[in-house]
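In this note's numbering, the protein residues as written are 7 to 354.
Contents: one structure, followed by commentary.
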Ligand SMILES: NC(=O)c1ccc[n+]([C@@H]2O[C@H](COP(=O)([O-])OP(=O)(O)OC[C@H]3O[C@@H](n4cnc5c(N)ncnc54)[C@H](OP(=O)(O)O)[C@@H]3O)[C@@H](O)[C@H]2O)c1
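Take a look at the structure:
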């Protein structure tokens, strides 16, 4: 290791940190705030002092072990493999392994740890350097922590079947949540004419982040109003695939990432069939693939002020269970963020 600044020593000669631990599958009630051994970076890893993390749907799926199929995909059959959750985070590099080239102690970074062990609901976490990028200087740790998983998912969804183009009419169904608020802003940055769909209470917010039109789904069904869109992104999709098809232009593209099980199965099973038999392309994006290139792309959009994370609620580390409970209700307006206290001070 090149450098290491240690936290308080424990009686085993190591160091302790606070973390939110889940040793069994279940509701947020199974989460416990504990003192655990602080991780040590491997040669290709950096040790990060976590300043903020954000909560994503992936956390409550992993916490509950649902859908069950997930357990067969390496997340632990009877009990969770990852005992500290938290993927999207921002913090400061504390120490680096000997093979780390891109970062040094003191660097402010942000990243997505879904492919390197999770663990961000803690004071410290180790991460491979390719999961991280330098944090844009113009955003807070909380704003940066909101970005890695949700914004990269939005970016990959908007590019899933060929990137949207200048002037195209794009509709974001579920524009007010964690992914949707990024999708609206990223689509605008590509020069699209964006329509956001949300409920009454979120109409002003979705307009404020740049949507050209906002449809309140409690008042109007966009699949029946005669409008056609070049790209429909179902972030929270609750219509049948045939409804979405009707709202697509003749060569339109429909990409689904979340919503009702029926809409998801239709996108996965019927989407490829519709795509083969006509000029419209329809389907599910599958699972987002975190990567450094997309993270750096988002860093540039943040630096240019083209994307500004929308933060709904902030919770402390000990309040992670409440934060997950709130997100699970499915009514978040933007992102839910965990602020990790630093030396008894809340980090901003
Ligand atoms: N494929 C992937 O890799 C991937 C990655 C990340 C997320 N996802 C999935 O994407 C989905 C969205 O994630 P998220 O983080 O944005 O979730 P989220 O933040 O929990 O979404 C909350 C938002 O959903 C909106 N919503 C609820 N019911 C709606 C409806 N019937 N029509 C339109 N909007 C509705 C709510 O707005 P209102 O209160 O205004 O209705 C709220 O603002 C989730 O299903 C998640 O599992 C997939």
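Virtual Cβ for every residue (Gly too), placed ideally from N, Cα, C.
This one's a predicted model, so the numbers in the text were calculated from it and none came from an experiment.
Assignment of residue 291 by DSSP, reduced to helix, strand and coil, places it in the coil class.
Placement of the Cβ of residue 293 at a distance of less than 7 Å from at least one heavy atom of ligand 1 is found. Contact between the stretch 321 to 330 and the stretch 33 to 53 is present: three or more C-beta pairs spanning the two stretches fall below 8 Å. Taken in chain order, the whole beta strand (DSSP E) runs of length 3 or more contained in the stretch 45 to 99 are 51 to 61.
Nearest neighbour of residue 42 by Cα position, chosen from 23, 206, 241 and 74, turns out to be 23.
Every beta strand (DSSP E) of 3 residues or more that sits fully in the stretch 116 to 165 is shown, in chain order, as 130 to 134 and 138 to 140. Proximity of the beta carbon of residue 333 to ligand 1 is indicated: a heavy atom of the ligand is located closer than 7 Å. Beyond the five residues adjoining it in sequence on each side, residue 234 comes within less than 6 Å, by CB distance, of 255 in the same chain, given in chain order.
For residue 155, the CB falls within less than 7 Å of some heavy atom of ligand 1. Rounded to whole angstroms, residue 238 and residue 221 show a C-alpha spacing of 13 Å. The three-state reading of DSSP puts residue 113 in coil, since its state is none of H, G, I, E or B. Sorting 28, 106, 174 and 296 by C-alpha distance to the C-alpha of residue 53 places 106 at the top. Contact check for residue 119 against residue 101 fails: the beta carbons are separated by 8 Å or more. Where residue 256 is concerned, the enclosing beta strand (DSSP E) starts and stops at 254 to 262.
By the C-beta criterion, the stretch 66 to 73 is judged not to be in contact with the stretch 310 to 318, since fewer than 3 inter-stretch pairs fall below 8 Å. Nearest in C-alpha terms to residue 47, of all of 244, 193, 104 and 264, is 104. Less than 8 Å separates the beta-carbon of residue 190 from that of residue 212. Contact annotation: residue 245 and residue 229 have beta-carbon atoms nearer than 8 Å.
Counting along the chain, residue 175 sits inside no alpha helix (DSSP H); it lies in the beta strand (DSSP E) bounded by residues 175 to 179.
Burial state of residue 210 is exposed, judged by a 10 Å Cβ sphere holding fewer than 16 other Cβ atoms. If the five residues before and after residue 161 are omitted, its C-beta is found closer than 6 Å to the C-beta atoms of 192 and 300, all from its own chain and listed in chain order. With a contact defined as Cβ atoms closer than 8 Å, residue 262 and residue 273 qualify at about 4 Å. Distances taken from the Cβ of residue 186 to the heavy atoms of ligand 1 include one shorter than 7 Å. Rounded to whole angstroms, the separation of the alpha carbons of residue 154 and residue 302 is 10 Å. If you check the CB distance, residue 92 and residue 115 do not come in under 8 Å. Taking all protein chains shown into account, residue 214 has fewer than 16 neighbouring C-beta atoms within 10 Å of its C-beta and is therefore exposed. About 14 Å separates the CB atoms of residue 208 and residue 341; that is not less than 8 Å, and the two are not in contact. Taken from the Cβ of residue 182, at least one heavy atom of ligand 1 lies inside 7 Å. For a cut-off of 8 Å, the C-beta gap from residue 139 to residue 117 is around 7 Å, short enough to register as a contact. For ligand 1, no non-hydrogen atom lies closer than 7 Å to the CB of residue 220. Closer than 7 Å to some heavy atom of ligand 1: that describes the Cβ of residue 63.
Per DSSP, reduced to three states, the secondary structure at residue 318 is strand. At least one heavy atom of ligand 1 lies closer than 7 Å to the C-beta of residue 337.
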